[in-house]
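Protein chains in written order, with numbering that gives the first Met the number 0: chain A, 0 to 207; chain B, 0 to 207.
The beta-carbon is built from N, C-alpha and C at its ideal position, and this holds for glycine as well.
All figures in this text were calculated on a predicted structure; none of them were measured in a lab.
To start, the structure itself, in structure tokens.
Protein chains: 2
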Amino acid sequence: MGRVSDARERLLEAANTLTWKLGYNAVTVDAICDHAGVKKGSFYHYFESKAALSKAAIEDWWQTKSRPVLDKAFSVTNPPLERLKLYYAALHEIQVQRQKAGEQVLGCLGFSVAMGRDSVDPEVWQTTQHVLQRKRRYFESAIRDAADAGLIGVTDVEAAVQAVYSLFEGAMARARIQNSPEPLVGLYEQTLRLLGVAQPVASESRVA
Amino acid sequence: MGRVSDARERLLEAANTLTWKLGYNAVTVDAICDHAGVKKGSFYHYFESKAALSKAAIEDWWQTKSRPVLDKAFSVTNPPLERLKLYYAALHEIQVQRQKAGEQVLGCLGFSVAMGRDSVDPEVWQTTQHVLQRKRRYFESAIRDAADAGLIGVTDVEAAVQAVYSLFEGAMARARIQNSPEPLVGLYEQTLRLLGVAQPVASESRVA
DNA sequence: CCATAAGTTGACCAAACGGTCAACTAATTG
DNA sequence: CAATTAGTTGACCGTTTGGTCAACTTATGG
């Protein structure tokens, strides 16, 4: 009964687009409404508050944007290390496409919002934490699989997971800061180094 | 002539303390004034705008907080790789001390502000970019020195610098997000892996 | 000792903020 | 074809925002 509308979806999309670009605090309810072509009255018909919208938007982002890319790259049908390679390639491609289209390189939405911490609504922040955790598990499982298969030369697997994930998020964050996909180039090769995998062109190593 | 005052310094300090914690956008002029014990009228006696204060504060932060730590750790009297180790140890110690004091782990001020990009005043953002660049040069020079001394097993030094820096900033950012110094643990050992330096306990490596 | 420059104050402003609401419109379905 | 229900609208509210200002206070140096 009653009429139907996609205003809710448009609000979610607008919230993510703007938050990705500007961060949580800099995005106003008015701006989201303008971008979605929805009047403020309608906004509060769909969401209790700006924080409630943001929570739903981030969860939606994860389900519709992040997860599909992760699921595809980290499919267990791919060899463990190949999963990382595919994921890096996919993200690099996304950023390159954005740049070609004259848009900005924005890195990882969840990470950017999570960086806000105290200036972000606690529930929204918790949502980003949850999303980030789920993403990290893809890395963990791939690296554990690689370790089980004897593909990597690492004794402390947990430490390696942490390092690979830090390297990845650091590179993504720097890509945002520099507005360029450049920090993502060579990420896979560097990850192999962290994992103690010999490079295509082997290099000697000495004790410091 | 006229009277003297340290209000300017108090404003710089307050701006950095609050911005470090809350980010650029979430910090208000009123909050800075309250924290500094300065009335708003006085604020605009010293600074043209919030952006002007932030610019000056970040530059002050670099000169008084960041640089001294960097200069001490990256002193050329230390062996190249030891410089990185000392710097990581110093930062880790700072965060541990903060935690012990019941305060929050906040990572790198400049990086957090730079992540804001579009929501930050352009001149303020440029200032953080400049500071971040200067910090990165410390890494670069240490790693180049290590390469020249034949201490590392890496062919593409520039790529190694990028990776080490990404790993470092990623770990710092994650420490902020998790409110814990934990991601900084073992950073040096992981950096050695990136630089192709054999670990204390050597491990085999195979081709993937 | 007093002129003057430097510093301080609180009241004030327009704009922007998140949020509310009662009235209105239009599809759906019994 | 109602009656119901979901969706829409724009005016409105209190608060907070960055910023202004004229009047006031106080150390200093000539």
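Whole-angstrom distance between Leu-69(A) and Ala-55(B), CA atom to CA atom = Indexing the second sequence from 1 puts residue 55(B) at position 56. Indexing the first sequence from 1 puts residue 69(A) at position 70. If you draw a straight line from the Cα of Ala-55(B) to the Cα of Leu-69(A), it is about 42 Å long.
Run down chain B in chain order and give the residues with a C-beta less than 7 Å from the C-beta of Arg-173(A).
-> Within the first sequence, numbered from 1, the residue matching residue 173(A) stands at position 174. Result: Ser-165 and Glu-168.
At a CB-CB cut-off below 7 Å, which residues of chain B make contact with Gly-1(A)?
-> Locating residue 1(A) in the first sequence gives position 2, where the first residue counts as 1. The premise fails here: Gly-1(A) is roughly 38 Å from chain B at the closest Cβ pair, so nothing lies under 7 Å.
Reducing DSSP to helix, strand and coil, say where Thr-190(B) ends up.
-> Position 191 of the second sequence, counted from the first residue, corresponds to residue 190(B). If DSSP states are grouped into helix, strand and coil, Thr-190(B) belongs with the helices.
Mind checking if Lys-20(A) is an interface residue toward chain B, Cβ cutoff 8 Å exclusive?
-> Here residue 20(A) is taken as the residue at index 21 of the first sequence, counted from 1. Closer than 8 Å: yes.
Starting from the beta carbon of Gly-185(A), find every residue of chain B whose beta carbon is closer than 7 Å, and list them in chain order.
-> Taking the first residue of the first sequence as 1, we reach residue 185(A) at position 186. Correct list: Ala-158.
With burial defined as no fewer than 16 other Cβ atoms inside 10 Å of the residue's Cβ, what is the status of Lys-99(B): buried or exposed?
-> Translated into positions along the second sequence, residue 99(B) becomes position 100. Lys-99(B) comes out exposed.
Close beta carbons around Tyr-86(B), own chain, < 6 Å, minus the five adjacent residues each side = For the purposes of this step, residue 86(B) is taken as the residue at position 87 of the second sequence. Closer than 6 Å at Cβ, skipping near neighbours: Ala-72.
Compute the distance between the beta-carbons of Val-104(A) and Ala-174(A), then report whether it is under 8 Å.
-> Taking the first residue of the first sequence as 1, we reach residue 104(A) at position 105. Taking the first residue of the first sequence as 1, we reach residue 174(A) at position 175. Yes, these two residues count as a Cβ contact at 8 Å.
Interface flag, Ala-162(B) vs chain A, CB-CB below 8 Å = Stepping through the second sequence from its first residue, residue 162(B) is reached at position 163. Cβ-Cβ to chain A under 8 Å: yes for Ala-162(B).
Are at least three pairs of beta-carbons, each pair with one atom in the segment 113-133 of chain A and one in the segment 28-48 of chain B, less than 8 Å apart?
-> no
Just to confirm, are Tyr-43(B) and Ala-6(B) a CB contact at a threshold of 8 Å?
-> Translated into positions along the second sequence, residue 43(B) becomes position 44. Translated into positions along the second sequence, residue 6(B) becomes position 7. Their beta carbons are not under 8 Å apart, which means Tyr-43(B) does not touch Ala-6(B) by this criterion.
In chain B, which residues lie with their C-beta within 7 Å of the C-beta of Pro-182(A)?
-> Position 183 of the first sequence, counting from 1, holds the residue named residue 182(A). Residues of chain B passing the Cβ test: Gln-161 and Ser-165.
Where are the alpha helix (DSSP H) runs, 4 residues long or more, that stay fully inside the segment 10-46 of chain B, in chain order?
-> 28-35 and 39-45
What separation, rounded to the nearest whole angstrom, lies between the Cα atoms of Thr-18(B) and Lys-20(A)?
-> Position 19 of the second sequence, counted from the first residue, corresponds to residue 18(B). Position 21 of the first sequence, counted from the first residue, corresponds to residue 20(A). Between Thr-18(B) and Lys-20(A), the C-alpha separation is close to 20 Å.
Answer with yes or no whether the minimum CB distance from Ser-111(A) to chain B is below 8 Å.
-> Reading the first sequence from its first residue, position 112 is the one you call residue 111(A). Closer than 8 Å: yes.
With a cut-off of 8 Å, does the C-beta of Gly-101(B) fall near any C-beta of chain A?
-> Indexing the second sequence from 1 puts residue 101(B) at position 102. No, Gly-101(B) does not count as interfacial toward chain A.
Is DSSP giving Leu-150(A) helix, strand or coil here?
-> Position 151 of the first sequence, counted from the start, is the residue given in the question as residue 150(A). Reduced to three states, the DSSP call for Leu-150(A) is coil.
Beta-carbon contacts of Trp-60(A) that lie in its chain and below 7 Å, excluding the five residues immediately before and after | The sequence position of residue 60(A) within the first sequence is 61, counting from 1. Result list for Trp-60(A): Asn-15 and Leu-108, in chain order.
Taking all protein chains shown into account, do 16 or more other C-beta atoms lie within 10 angstroms of the C-beta of Thr-76(A), making it buried, or fewer, making it exposed?
-> In the first sequence, the residue the question calls residue 76(A) occupies position 77. Exposed, since its Cβ has fewer than 16 Cβ neighbours within 10 Å.
For chain B, find out if any of its Cβ atoms is closer than 8 Å to the Cβ of Arg-192(A); answer yes or no.
-> Taking the first sequence and counting its residues from 1, the one referred to as residue 192(A) is at position 193. Chain B contact via Cβ: present.
Which of the three DSSP states, helix, strand or coil, is assigned to Arg-2(A)?
-> Position 3 of the first sequence holds residue 2(A). Here Arg-2(A) sits in coil by DSSP.
Can you find a C-beta in chain A that's less than 8 Å from the C-beta of Asn-15(B)?
-> If you number the second sequence from 1, residue 15(B) lands on position 16. No - not a single Cβ of chain A is within 8 Å of the one on Asn-15(B).
Under the three-state reduction of DSSP, which class applies to Leu-292(B): helix, strand or coil?
-> With chain B covering 0 to 207 only, the question about residue 292(B) has no answer from this structure.
Is the segment 164-171 of chain A in contact with the segment 147-167 of chain B, if contact means three or more CB pairs nearer than 8 Å?
-> Verdict: yes, contact present.
Does the Cβ-Cβ distance between Pro-180(A) and Val-95(A) come in under 8 Å?
-> Position 181 of the first sequence, counted from the first residue, corresponds to residue 180(A). Position 96 of the first sequence, counted from the first residue, corresponds to residue 95(A). Yes, these two residues count as a Cβ contact at 8 Å.
Rank His-91(B), Gly-149(B) and Ser-140(B) by C-alpha distance to the C-alpha of Gly-195(B) and give the top, closest one.
-> In the second sequence, the residue the question calls residue 195(B) occupies position 196. Among His-91(B), Gly-149(B) and Ser-140(B), the Cα nearest to that of Gly-195(B) is on Gly-149(B).
Would you kindly report the start and end of the unbroken alpha helix (DSSP H) that includes Gln-161(A)?
-> Position 162 of the first sequence, counting from 1, holds the residue named residue 161(A). Here the alpha helix (DSSP H) through Gln-161(A) covers 156-177.
With distances taken from CA atoms, which of Tyr-23(B), Ser-53(B), Gly-22(B) and Gly-1(B) is nearest Arg-9(B)?
-> Taking the second sequence and counting its residues from 1, the one referred to as residue 9(B) is at position 10. In this structure, Ser-53(B) is the residue among Tyr-23(B), Ser-53(B), Gly-22(B) and Gly-1(B) with its C-alpha nearest to the C-alpha of Arg-9(B).
Within the 8 Å Cβ cut-off, does Gly-36(A) reach chain B?
-> Stepping through the first sequence from its first residue, residue 36(A) is reached at position 37. It does not: the Cβ of Gly-36(A) has no partner Cβ on chain B nearer than 8 Å.
Is Gln-198(B) helix, strand or coil when you go by DSSP?
-> Against the second sequence, residue 198(B) aligns to sequence position 199. Note: Gln-198(B) maps to coil in three-state DSSP.
Listing by chain order, which chain A residues have their CB less than 7 Å from the CB of Ala-25(B)?
-> Sequence index remark: in the second sequence, residue 25(B) carries index 26 (1-based). By Cβ distance, chain A contributes Asn-24 and Ser-118.
Ignore the nearest five residues each way along the sequence and tell me which others in Thr-126(B)'s own chain have a CB closer than 7 Å to its CB.
-> Taking the second sequence and counting its residues from 1, the one referred to as residue 126(B) is at position 127. Only Lys-54, Ile-57 and Glu-58 meet the Cβ criterion.
DSSP-derived helix/strand/coil call for Val-112(A) = Position 113 of the first sequence holds residue 112(A). DSSP places Val-112(A) in helix when its eight states are reduced to three.
Closer than 7 Å by C-beta to Gly-36(A): which residues in its own chain qualify, once you throw out the five before and the five after it? Chain order, please.
-> The count along the first sequence starts at 1 and reaches residue 36(A) at position 37. Cβ within range, chain order: Arg-9.
Take Leu-80(A) and list the residues in its own chain whose beta-carbon comes closer than 8 Å to its own, dropping the five residues that flank it on each side.
-> What you label residue 80(A) is simply residue 81 of the first sequence in a count that begins at 1. Cβ within range, chain order: Ala-141, Ala-145, Leu-150, Ile-151, Leu-191, Leu-194 and Val-196.
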